[in-house]
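Single-structure report; data block below.
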Amino acid sequence: FNLGHASQRGSTYGDRSGIMGGSVFEDESEKTLRCYNAAKNWQLGWFEEDSINLDLVSNDWEGRLLGTVNFQASNSFMDSGKSFTNHNLFTHRQGNANKNVLLKIAESYYVQFNYAAGVNSGSQEFINRVTVVKQIDDGDYSWIQAALREKEAYTIDIFDYGSITVEVVEINTNNFNDAYADVRVYNGNRAKCIETCCSEVNCGDDSSISTDKNSYTPGDEIKVSFTNNSPKVYDWIWIIDGADVDQFGQITKDWYNGALWLFTCGSDNCEGTPNSGELSFDSSNLESGVYVAYYLWIDRHNVEVASSPFTVVGDGNTISPTEAPVPQFDLAMETSKVSYSDNENIDISFTNPLPTNYDWVGIYSAEETVQKYAIISDNWQLSKFACGTQDCEDDVDEGVVTFPSANLDAGIYRAYLLFGDAYSVLTRSEEFTVGTVSSLPSYLPSSLPSSLPSSLPSSLPSS
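Numbering (my numbering), first residue to last: 107 to 569.
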């Protein structure tokens, strides 16, 4: 099928929402029931009649996305998740024209509602989220960019063009036939809630989690209540301090022996799938601090919903519950100087909030232009992967890449940060010079004025 890996930061098989990510070690179980992510679905063309190419979004778009499993008017062949005999599985359009499956934006971004039910019930990540995936060409690796909950938004920065925002207005999973995500796509950044600002608390989802109090002393019973319309076997609750949730809704802290947790069915070895419940936890072994109760999917670290922070206090101390801010930084690139001799190091620093394993830095002539969809030619002068060499495969969110100026002819150049071993521009530096050049960089005046303006005095004061 010429499908590349489905990747997530740091792992080329890391996007396990679909079958092109990491596999499972079972032949037949719900875990094997996975479809494809948005980029792969678009490439396969199975939902062509239910797909919209928004290009650069000349007009705002607002509409409804269905999952790949419930886009038909009739779902009788999918209720059990076992029968696949209906030949119209990927071709029959649902009656309402405002119900779509896939969106394509700016030639390389793909959007879908990852509804984890039916033949996609084994999706391992980004369950019931609107996902944004980037893939440059057919056969390339895809890279997950965002997994959005209700009320969240993600802004795509398209170099030299501007920004396009994908905003999730509503997600509803109350009923298989009617499960949907309402989405808005528009130029600029008008959403009140961007990226992961809702990941720490309940924010309008069908699921919820809460504790019976906001402060406990060691030895108190902590009662955690939860609801979830789409429970899975091995969903679990984890009470934890000092955890960060990344931009994909995943806890970045490793599980440890002695962690305070239970499966949602009430023990550490059950397999039930309750839609709601109340679990009790013993706080005796918790140190004083600020904690959060997380509802996590299928024995993994993917957050469905999180409680408000609560405290455990002892010895008469008090701690105010606070939410740690989510660190954010922008794409940026700059050189250490604006002018270099013909025999010194050119240090190029950059930041990239969403790196891939194959991002790279290229030095181009300043005359090179960036084309539509932020694509540049292959006429680079020097290049290295962002991790610093020509053969490394590490994802780097900030760093410095060094090039010798001796390998460049005298001239004017720019440094570019490019996406995923492709010619897709993320950002670039200002112009800089190497050696002695006959003209100045374009952002400096090409010549000085030949005479002073007539409104100025013709001579300076004598004292």
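For every residue, glycine included, the Cβ atom is placed at its ideal position computed from N, Cα and C.
Does the pairing of the stretch 404 to 416 with the stretch 476 to 494 give three or more beta-carbon distances under 8 Å?
Contact between the stretch 404 to 416 and the stretch 476 to 494 is absent: fewer than 3 CB-CB pairs across the two stretches fall below 8 Å.
Closest to N206 by CA distance: which of D121, V289 and K146 is it?
Against the sequence shown, residue 206 aligns to sequence position 100. Of the candidates D121, V289 and K146, the one whose C-alpha sits nearest the C-alpha of N206 is V289.
Restricting to Cα atoms, I'd like to know which of R255, V506 and N513 is closest to N449.
Stepping through the sequence shown from its first residue, residue 449 is reached at position 343. Among R255, V506 and N513, the Cα nearest to that of N449 belongs to N513.
Can you give the Cα-Cα distance for G245 and G110, rounded to whole angstroms?
The count along the sequence shown starts at 1 and reaches residue 245 at position 139. The count along the sequence shown starts at 1 and reaches residue 110 at position 4. G245 and G110: Cα-Cα distance of roughly 5 Å.
Reduced DSSP category for N283 - H, G, I as helix; E, B as strand; rest coil
Translated into positions along the sequence shown, residue 283 becomes position 177. Under the three-state reduction of DSSP output, N283 falls in the coil class, being neither helix nor strand.
Less than 6 Å between C-beta atoms, sequence neighbours within five positions excluded: which residues of the same chain meet that for H407?
Taking the sequence shown and counting its residues from 1, the one referred to as residue 407 is at position 301. Contacts found: Q356 and I357.
Out of curiosity, what's the CA-to-CA distance linking N283 and R170?
Position 177 of the sequence shown, counted from the start, is the residue given in the question as residue 283. Position 64 of the sequence shown, counted from the start, is the residue given in the question as residue 170. Between the alpha carbons of N283 and R170 lies a gap of roughly 13 Å.
C141: which of S123, D133 and D501 sits nearest, CA to CA?
To locate residue 141, count along the sequence shown from 1; it is residue 35. Of S123, D133 and D501, the residue nearest in Cα terms is S123.
Check whether the stretch 488 to 505 touches the stretch 459 to 469, counting contact only when three or more Cβ pairs, one atom from each stretch, lie closer than 8 Å.
These segments touch.
Would you report the Cα separation of T237 and L254, rounded to the nearest angstrom?
As a first step, residue 237 is located in the sequence shown; it is residue number 131 there, counting from the start. As a first step, residue 254 is located in the sequence shown; it is residue number 148 there, counting from the start. So the alpha carbons of these two residues sit roughly 6 Å apart.
With a CB to CB cut of under 6 Å and the five nearest residues on each side skipped, what residues in its chain are close to T508?
In the sequence shown, the residue the question calls residue 508 occupies position 402. Excluding the 5 residues flanking it on each side, T508 has same chain C-beta neighbours closer than 6 Å at N451 and D453, in chain order.
Rounded to whole angstroms, what is the Cα-Cα separation between E327 and S386?
Within the sequence shown, residue 327 is the residue found at index 221, counting from 1. Within the sequence shown, residue 386 is the residue found at index 280, counting from 1. Straight-line spacing of the CA atoms in E327 and S386 works out to 6 Å.
Using three-state DSSP, classify Q353 as helix, strand or coil.
Along the sequence shown, read from residue 1 onward, the residue named residue 353 stands at position 247. In the three-state DSSP reduction, Q353 falls in the coil class, being neither helix nor strand.
By how many angstroms is the C-alpha of F153 removed from the C-alpha of K210?
The residue labelled residue 210 in the question sits at position 104 within the sequence shown. The residue labelled residue 153 in the question sits at position 47 within the sequence shown. Between the alpha carbons of K210 and F153 lies a gap of roughly 12 Å.
Looking only at its own chain, which residues have a Cβ that is under 6 Å from the Cβ of A252, when we skip the five neighbours before and after it?
As a position in the sequence shown, residue 252 is number 146, starting the count at 1. Cβ within range, chain order: V238 and Y260.
Where L460 and S135 are concerned, what is the direct C-alpha to C-alpha distance, given to the nearest angstrom?
Position 354 of the sequence shown, counted from the first residue, corresponds to residue 460. Position 29 of the sequence shown, counted from the first residue, corresponds to residue 135. So the alpha carbons of these two residues sit roughly 33 Å apart.
Under a CB-based cut-off of 7 Å, is V289 close to chain B?
Going by chain labels, chain B is absent from the structure shown, which holds only one protein chain.
Run through DSSP, which three-state label would D244 get?
Looking up residue 244 in the sequence shown gives position 138. For D244, the three-state secondary structure derived from DSSP is coil.
Can you tell which of V330, P337 and V339 has its C-alpha closest to the C-alpha of D318?
Locating residue 318 in the sequence shown gives position 212, where the first residue counts as 1. Just measuring C-alpha positions, the residue of V330, P337 and V339 sitting nearest D318 is V330.
Endpoints, alpha helix (DSSP H) assigned at A145:
Indexing the sequence shown from 1 puts residue 145 at position 39. Counting along the chain, the alpha helix (DSSP H) containing A145 begins and ends at A144 to L150.
Which word fits Y362, buried or exposed, when buried means at least 16 other C-beta atoms lie within 10 angstroms of its C-beta?
Taking the sequence shown and counting its residues from 1, one reaches residue 362 at position 256. Under this definition Y362 is an exposed residue.
Cβ shell of V506 (< 6 Å), same chain only, five flanking positions each side left out:
For the purposes of this step, residue 506 is taken as the residue at position 400 of the sequence shown. D453 and S455, listed in sequence order.
Coarse secondary structure for E537, derived from DSSP in three states
Your numbering for residue 537 matches position 431 in the sequence shown. Note: E537 maps to coil in three-state DSSP.
Nearest-angstrom Cα distance between I52 and A521?
This structure gives no information on residue 52, because the portion of the chain shown stretches from 107 to 569.
How do the stretch 396 to 404 and the stretch 374 to 381 stand: do at least 3 beta-carbon pairs fall below 8 Å, yes or no?
The stretch 374 to 381 and the stretch 396 to 404 do not touch, with fewer than three beta-carbon pairs separated by less than 8 Å.
Who are the near neighbours of E499 in its chain, counting only those whose CB is closer than 8 Å to its CB and skipping five residues on each side?
Locating residue 499 in the sequence shown gives position 393, counting from the first residue. Setting aside the 5 residues that flank it on each side, E499 is surrounded in the same chain by N463, Y464, F491 and C493, each with a C-beta closer than 8 Å to its C-beta; the list follows chain order.
Once DSSP output is grouped into helix, strand and coil, what is the label at T138?
Numbered from its first residue, the sequence shown carries residue 138 at position 32. Note: T138 maps to helix in three-state DSSP.
DSSP beta-bridge partners of W342
Residue mapping note: residue 342 aligns to position 236 of the sequence shown, counting from 1. Looking at the DSSP output, W342 shares a beta bridge with F369 and L402.
Helix, strand or coil for G526 per DSSP?
In the sequence shown, the residue the question calls residue 526 occupies position 420. When secondary structure is reduced to three states using DSSP, G526 falls in the coil class, being assigned neither helix nor strand.
When the Cα of L570 is compared with those of Q230, G128, N226 and S164, which residue comes out closest?
Nothing can be reported for residue 570, as the shown portion of the chain is limited to 107 through 569.
Exposed or buried, what is Q241 when buried is set at 16 or more other beta-carbons lying within 10 Å of its beta-carbon?
Position 135 of the sequence shown holds residue 241. So Q241 counts as buried.
Identify which residue in W167, D352, F354 and D374 has its Cα closest to the Cα of V275.
Here the question's residue 275 lines up with position 169 in the sequence shown. Looking at the Cα atoms, W167 is the closest of the given residues.
Skipping 5 residues on each side, what residues in its chain have a beta carbon closer than 6 Å to that of D503?
As a working mapping, residue 503 is identified with position 397 in the sequence shown. Taken in chain order, the residues that qualify are N458 and P461.
By DSSP's criteria, L109 is part of a beta bridge. Which residues make up the other side?
Here residue 109 is taken as the residue at index 3 of the sequence shown, counted from 1. DSSP lists no partner for L109.
Could you tell me the alpha carbon to alpha carbon distance between D515 and Q496, rounded to whole angstroms?
Residue mapping note: residue 515 aligns to position 409 of the sequence shown, counting from 1. Residue mapping note: residue 496 aligns to position 390 of the sequence shown, counting from 1. Approximately 21 Å, taken between the alpha carbons.
Where does S386 sit, in a helix, a strand or coil, going by DSSP?
Residue mapping note: residue 386 aligns to position 280 of the sequence shown, counting from 1. Under the three-state reduction of DSSP, S386 is assigned to strand.
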